[in-house]
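>
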Amino acid sequence: MTAVTEKVPERPPVKGTEDSGLLRFVKKPIVARLLFPTLVIALWVFVDSLEISRVFPAPDRVLGFMWDELRLETLARTNLYETLGISLLRLFAGFAVSMVVGTAIGLGMGLSKSVDAFFHDWVMAILAMPALVWALFLGLVFGFGSTGPVLATILAGIPFVIINVREGVRNTPRELFDMASAFDVPRNRMTRHLLIPSLMPFMFAAARYGFSVGWKGLVLAEVFASDRGMGWMIKFWYDAHRSFAVVGYAFFFVIFAFFLEKFVFDKLYARAFKWRPAVGAIELVEEEIQESFIDALDPEGAQTLPDRDRLGDN
Amino acid sequence: MAQIKIDNLRKEFGVGDDKVVALQNVNLEIEGDVFVSIVGPSGCGKSTLLNILSGIETPSSGKVEITQDRHDANPGYVFQAARLLPWRTVMDNLLFVQKDPDSEEARARCQKYLDMVHLGDKGDKYPGELSGGMQQRVGIARAFAVEPDVLFMDEPFSHLDAITARSLRRELHEMWAATGKTILFVTHDVGEAVELSNRILVFAKGGKLEDDINVELPFPRDAANEEVAVAKAQVLKKFEDLDLVAT
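The listed protein sequences derive, respectively, from chains A and B. For the first sequence, the numbering used here assigns the number 80 to the initial residue and increments by one for each residue that follows. For the second sequence, the numbering used here assigns the number 768 to the initial residue and increments by one for each residue that follows.
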């Protein structure tokens, strides 16, 4: 029995296959992650040093511009925080509508063939329409204001929400619903504890897509159909021939999206899916084998061995 | 005590040329705390019969009737795969099918059956943290925890390795002896049927009930025991006589 639990000594690596010190350092995940932006910055500095164009945004000018913007020193009529505030408000309004309406339509399409037939072609048509067309069209119809950008956010994001939710409903685990029916579980409990949790991965995908695609739709609409917001600001710096400012604002974008992903979506995801097993499949297999061995050797005492408690505690 | 009456049951799937008869002319009566195994080749309607009895499917014609002492109790069901909600803990999985999931009584009842399957300390684990054998134990505890008079089991051990399955068979039998239920147990393993049952129903392809065998041997039965081996050989011989053995 001891042979089962005994640790096998690690085999020394075959000569000639060991990584050199530098390669080992580069292969570390954190180093590998930082290596790419470092290389991009190095390339950027190099290209800048070639002095190809007068308008090429030099790294120091971009950083200087961003620093000024952060300190509210700007030539534009709204500062960074006001601009971000305006765009975020529009984004959240559009995103909320996309999620609520998209989820309702997606549920309907997943549950009913006729509802699916009714919406299908329109969803595909909206999906196929370039965001630029929406931006131009909404600008013409609604003029400068918030209506155009919010509608653009909705139109860009809603097809992704609808499609994800519909697929979620179509992929609900049939065998779990059969189990619940066999035990006569009430419908509202089934909805709350079975349908909604099984839709969660699809809802997360819907939210992520809806948000990122909605964000792009919004910025484009702000260029053409607004006189405020992040998109308008990029257009403002473009008109002023300040390429470093255009790049600087784009970086603000990227940084914001990164923080949102890392500190909102990732946290929510970890919370919603804490049930996903933390133990590896290999440990499970080991446990199963051990269980079989113990059972075979000592059928009566098999259930009381403390080794069985090991699983899942790490 | 429970009584199950099946009267001229028929079940068809599909229409026209695609029509498949899963069950036909099934007449049956089961009464009391008996362990009944249903055996037969693949596609003979064994699982369909359980699905109809548990209400997952409806019969095409005929009648099924289940009478239990506790009128509010639903039959328990143990599936081939454990069918646990992966996002709920073991305890919450048991509570999910309870009539009164928020009550202390329900929690105590679930704990009692988790203890019986030796998983009393695993209530706060998620199914993904347990091995296949442990998950199936949770499935068994869930079925017993609704305290039904009738329990349906659809090849519950067929996904497990032989030794884990053997250990679970023994546990199940002890639970049956301790709680006194009517158990309908679908299996394709004649040895398993002989080891566990008082009565074996043999189904043939096309969903016909071909034979109804009483196994009158004392429990517990060990597969290695000569009498059990002889009984198994006799049932297998009936399989051959009925031409049910796959070639």
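Even glycine gets a Cβ: it sits at the ideal position worked out from N, Cα and C. For clarity, every value in this text was computed on a predicted model and none was experimentally measured.
1) Is there at least one Cβ from chain B nearer than 9 Å to residue 284 of chain A's Cβ?
2) Using the C-alpha atoms, what's the distance from residue 841 of chain B back to residue 245 of chain A?
3) Could you confirm whether any beta carbon from chain A is found closer than 9 Å to the beta carbon of residue 870 of chain B?
4) Could you tell me which of B:940, B:833, B:973 sits nearest to residue 960 of chain B, measuring between CA atoms?
5) Which residues in chain A have a C-beta closer than 7 Å to the C-beta of residue 841 of chain B? List them in chain order.
6) Specify the secondary structure class of residue 786 of chain B as computed by DSSP and reduced to three states.
7) Alpha carbon to alpha carbon, how far is residue 280 of chain A from residue 912 of chain B?
8) Let me see if you follow: with CB-CB separation under 9 Å, is residue 281 of chain A close to chain B or not?
9) Taking only three categories from DSSP, how would you classify residue 368 of chain A?
10) State buried or exposed for residue 997 of chain B, treating a residue as buried only when at least 16 other CB atoms are found within 10 Å of its CB.
11) Is the segment 267-283 of chain A in contact with the segment 239-259 of chain A, if contact means three or more CB pairs nearer than 8 Å?
12) Going along chain B in order, which residues have a C-beta closer than 7 Å to the C-beta of residue 273 of chain A?
13) So residue 806 of chain B packs on residue 982 of chain B, CB below 8 Å; how close in whole Å?
14) I'd like to know whether the C-beta atoms of residue 207 of chain A and residue 302 of chain A end up nearer to each other than 9 Å.
15) Output the distance between the C-alpha atoms of residue 964 of chain B and residue 992 of chain B, rounded to the nearest integer angstrom.
16) Could you pull the start and end residues of the alpha helix (DSSP H) that residue 332 of chain A belongs to?
17) Less than 9 Å between the C-beta atoms of residue 275 of chain A and residue 225 of chain A, yes or no?
18) Taking only beta-carbon positions, decide if residue 771 of chain B is within less than 9 Å of chain A.
19) Can you find a CB in chain A that lies within less than 9 Å of the CB of residue 880 of chain B?
20) Mind pulling the alpha helix (DSSP H) runs of 4 or more residues that sit fully within the segment 822-880 of chain B?
21) For the alpha helix (DSSP H) containing residue 398 of chain A, list its first residue and its last residue.
22) Would you say residue 210 of chain A reaches chain B, if we count a Cβ-Cβ gap shorter than 9 Å as a contact?
23) Kindly confirm or deny that the segment 288-304 of chain A and the segment 938-954 of chain B touch, where touching means at least three C-beta pairs closer than 8 Å.
24) Could you give the residue range of the beta strand (DSSP E) that holds residue 989 of chain B?
25) Between the C-alpha atoms of residue 849 of chain B and residue 927 of chain B, what's the straight-line distance to the nearest angstrom?
26) Round the Cβ separation of residue 235 of chain A and residue 210 of chain A to the nearest angstrom and send it over; I've been treating them as touching at under 8 Å.
In terms of the structure at hand:
1) Looking up residue 284 of chain A in the first sequence gives position 205. Not an interface residue.
2) For this step, residue 245 of chain A is matched to residue 166 along the first sequence. For this step, residue 841 of chain B is matched to residue 74 along the second sequence. Near 33 Å, if we compare the C-alpha coordinates of residue 841 of chain B and residue 245 of chain A.
3) Indexing the second sequence from 1 puts residue 870 of chain B at position 103. No, residue 870 of chain B lies away from the interface with chain A (no Cβ there is under 9 Å from its Cβ).
4) Locating residue 960 of chain B in the second sequence gives position 193, where the first residue counts as 1. When each option's Cα is compared against that of residue 960 of chain B, the closest is B:940.
5) Stepping through the second sequence from its first residue, residue 841 of chain B is reached at position 74. What residue 841 of chain B touches in chain A: 262, 263.
6) Within the second sequence, numbered from 1, the residue matching residue 786 of chain B stands at position 19. Residue state, collapsed to three classes: coil.
7) If you number the first sequence from 1, residue 280 of chain A lands on position 201. If you number the second sequence from 1, residue 912 of chain B lands on position 145. Using only the alpha carbons, I get a separation of about 30 Å.
8) Along the first sequence, read from residue 1 onward, the residue named residue 281 of chain A stands at position 202. No, no contact with chain B.
9) On the first sequence, residue 368 of chain A is found 289 positions in, with the first residue counted as 1. The predicted model places residue 368 of chain A with a pLDDT of 41, which falls under 50 and marks its position as unreliable, so this point remains unresolved.
10) Here residue 997 of chain B refers to the residue found at position 230 when the second sequence is read from its first residue. Around the beta carbon of residue 997 of chain B, fewer than 16 other beta carbons sit within 10 angstroms, so the residue counts as exposed.
11) The answer is yes - the segment 239-259 of chain A touches the segment 267-283 of chain A, with three or more Cβ pairs under 8 Å.
12) Within the first sequence, the letter at position 194 stands for residue 273 of chain A. What residue 273 of chain A touches in chain B: 852.
13) In the second sequence, residue 806 of chain B corresponds to position 39, counting from 1. In the second sequence, residue 982 of chain B corresponds to position 215, counting from 1. A Cβ-Cβ separation of about 12 Å leaves residue 806 of chain B out of contact with residue 982 of chain B under the 8 Å criterion.
14) Residue mapping note: residue 207 of chain A aligns to position 128 of the first sequence, counting from 1. Residue mapping note: residue 302 of chain A aligns to position 223 of the first sequence, counting from 1. It is not a contact, given that the beta carbons lie outside the stated cut-off.
15) As a first step, residue 964 of chain B is located in the second sequence; it is residue number 197 there, counting from the start. As a first step, residue 992 of chain B is located in the second sequence; it is residue number 225 there, counting from the start. Approximately 15 Å, taken between the alpha carbons.
16) Sequence index remark: in the first sequence, residue 332 of chain A carries index 253 (1-based). Here the alpha helix (DSSP H) through residue 332 of chain A covers 322-339.
17) Here residue 275 of chain A corresponds to residue number 196 of the first sequence, with the count starting at 1. Here residue 225 of chain A corresponds to residue number 146 of the first sequence, with the count starting at 1. In this structure, residue 275 of chain A sits away from residue 225 of chain A, with a CB-CB distance that is not shorter than 9 Å.
18) Sequence index remark: in the second sequence, residue 771 of chain B carries index 4 (1-based). Judged by the 9 Å Cβ criterion, residue 771 of chain B is not in contact with chain A.
19) Here residue 880 of chain B refers to the residue found at position 113 when the second sequence is read from its first residue. It does not: the Cβ of residue 880 of chain B has no partner Cβ on chain A nearer than 9 Å.
20) Unbroken alpha helix (DSSP H) stretches of 4 residues or longer found wholly inside the segment 822-880 of chain B: 857-863, given in chain order.
21) Nothing in the structure corresponds to residue 398 of chain A, since chain A is present only between 80 and 393.
22) Walking along the first sequence from the start, residue 210 of chain A turns up at place 131. No - not a single Cβ of chain B is within 9 Å of the one on residue 210 of chain A.
23) At 8 Å Cβ cutoff, the stretches do not touch.
24) Counted from its first residue, the second sequence places residue 989 of chain B at position 222. Annotation: residue 989 of chain B is outside any beta strand (DSSP E) and is labelled neither H nor E by DSSP.
25) As a first step, residue 849 of chain B is located in the second sequence; it is residue number 82 there, counting from the start. As a first step, residue 927 of chain B is located in the second sequence; it is residue number 160 there, counting from the start. Distance between the alpha carbons of residue 849 of chain B and residue 927 of chain B is about 11 Å.
26) Taking the first sequence and counting its residues from 1, one reaches residue 235 of chain A at position 156. Taking the first sequence and counting its residues from 1, one reaches residue 210 of chain A at position 131. About 5 Å separates the two Cβ atoms, so the contact holds.
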